[in-house]
Amino acid sequence: MTKVTENEEQSFRSGFAVITGAPNVGKSTLLNRMIGEKISITSAKPQTTRNRIAGIAHGSGFQIVFIDTPGIHDSERIFNRRIVDVALAAMDEGDLILAIADAYSPDPASEALILEKLQKKAGTPAVLALNKVDLVEKPRLLTQIDQWSKTAAFSEIVPVSAKTGIQVPTLLAAMAGLLPEGPPYYPEDAITDVPERFIVAEMIREQVFARTGEEIPYSTAVTIESFSEEEAAGLVRIHAAIHVERNSQKGIIIGRHGQMLKAVGTAARADIEHLLGARVMLNLFVRVEKNWSKNPKAIRKLGY
Ligand SMILES: Nc1nc2c(ncn2[C@@H]2O[C@H](COP(=O)(O)OP(=O)(O)OP(=O)(O)O)[C@@H](O)[C@H]2O)c(=O)[nH]1
Ligand SMILES: [Mg+2]
């Protein structure tokens, strides 16, 4: 029999890692990959994420609470400035910063803004994930790693693919090593701190992002009007409102003979059923909230 002494006790590391990066680099995709569940919505369009969203990764000997944030960029729009402020403020909360850059299509202007902010946070360790390596030839990748190393802003630079999962365990281990020793913040089965209802609204918004173009995704917000669980029947009834800024947009979201709204509802429902582990009756309606994205009060009312 082996005698267990205190020294042999494994030390546990835990802490908060704030995810930051330009729009569309794959922050939310990587978060979902690291925690193994879809909690943060993604799209091929920039400025998808609008709130701060925590996702919890559990590993052997560590727990990392990731904060997903909106993409940092320069914009004159009131609403964009609001979501960038959310992202910048979140950077002050972390024990660690996970910056993500897109190795396939870099965004030098936004990267400069992020490096500037990182310089002011010199006491907080930062790791760079160079994402989308599945799309990039090796020589080009090596050049980029070299250029990023020269900034001296990062303790580690890890090339990854959020899409395929390549090198994601390496990235997690690198981050865990930089966290302080301490007990876990959340129980082992927790994956997020945001309410289920919020993720449900986001899953509906994700389908609008996927199916509409031009300004429509950016004029859309989703709120949950009612959410009732019938546990015995394994059923959840959800009423949700899709808010747009103009009547013409309402027509597009409803679609010919209601087809667009139906497609949004069917696709969102599949994700929501997976999330809630129950059958879902999803009732969607569209409401016009005139020019909400230009009005700070309306922006707040819609949850931002
Ligand atoms: N090929 C490839 N595509 C990726 C990878 N990671 C993310 N993407 C794609 O990049 C796009 C943007 O991903 P998101 O996760 O929404 O990016 P984000 O940084 O959270 O974007 P915002 O919230 O808008 O700032 C989506 O179309 C993803 O499928 C990757 O490793 N490889
Ligand atoms: Mg995102």
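If you count the sequence shown from 1, position 106 lands on 1516 in the working numbering, and the numbers rise without skipping. C-beta: ideal position from N, C-alpha, C; glycine also.
Best match in Phe1564, Pro1579 and Ala1562 for proximity to Val1570 [C-alpha to C-alpha]: Pro1579
Proximity to Glu1625 [Cα-Cα], best of Ala1539, Glu1598 and Ser1703: Ser1703
6 Å CB neighbourhood of Val1604 in its chain, flanking five on each side removed: Ile1463
Of the listed residues Ser1565, Ala1673 and Ile1709, nearest to Val1632 (C-alpha basis): Ile1709
With 16 other Cβ atoms within 10 Å as the buried cut-off, status of Thr1439: buried
Closer than 7 Å: Asp1484 CB and nearest ligand 3 heavy atom: This structure lacks ligand 3; the ligands present are ligand 1 and ligand 2.
beta-carbon Thr1561 near ligand 1 non-hydrogen atom, thresh 7 Å: no
Asn1417 - DSSP class collapsed to helix/strand/coil: For Asn1417, the pLDDT reaches just 46, beneath the cut-off of 50, and the residue's location in the model is therefore unreliable, leaving the point undetermined.
Contact the segment 1656–1666 vs the segment 1606–1617: 3+ CB pairs below 8 Å: no
Simplified DSSP assignment, three categories, for Ile1463: strand
Nearest-angstrom Cα separation, counted from Ala1497 out to Tyr1714: 12 Å
Ser1658: first and last residue of the uninterrupted alpha helix (DSSP H) it sits in: Asn1657 to Ile1664
Pair within 8 Å by beta-carbon distance, Leu1645 and Ala1677: no
Cβ-Cβ distance between Thr1574 and Gly1465 below 8 Å: no
Separation of Ala1532 from Ala1673, as counted between CA atoms: 47 Å
Local conformation of Val1632 per DSSP, three classes: strand
The segment 1580–1589 / the segment 1541–1559 touching (three or more Cβ pairs under 8 Å): no
Thr1439 - containing beta strand (DSSP E), residue span: That residue, Thr1439, is in no beta strand (DSSP E); its alpha helix (DSSP H) goes Lys1437 to Ile1445.
Euclidean distance between Cα positions of Val1698 and Lys1448: 29 Å
Of the listed residues Gly1431, Gly1436, Val1475 and Ser1421, nearest to Ala1600 (C-alpha basis): Val1475
Which listed residue (Phe1695, Asn1434 and Val1690) has its alpha carbon closest to that of Met1670: Phe1695
Straight-line Cα distance separating Leu1538 from Ala1499: 19 Å
Three-way DSSP call (helix, strand, coil) for Ala1500 in this model: helix
Contained alpha helix (DSSP H) runs [length at least 4] in the segment 1506–1588, N- to C-terminal order: 1518–1529, 1548–1560 and 1578–1586
Cβ-heavy atom distance, Ser1515 to ligand 2, below 7 Å: no
Contacts around Arg1491, its chain only, beta-carbon distance under 8 Å, and the 5 residues preceding and following it disregarded: Ser1485
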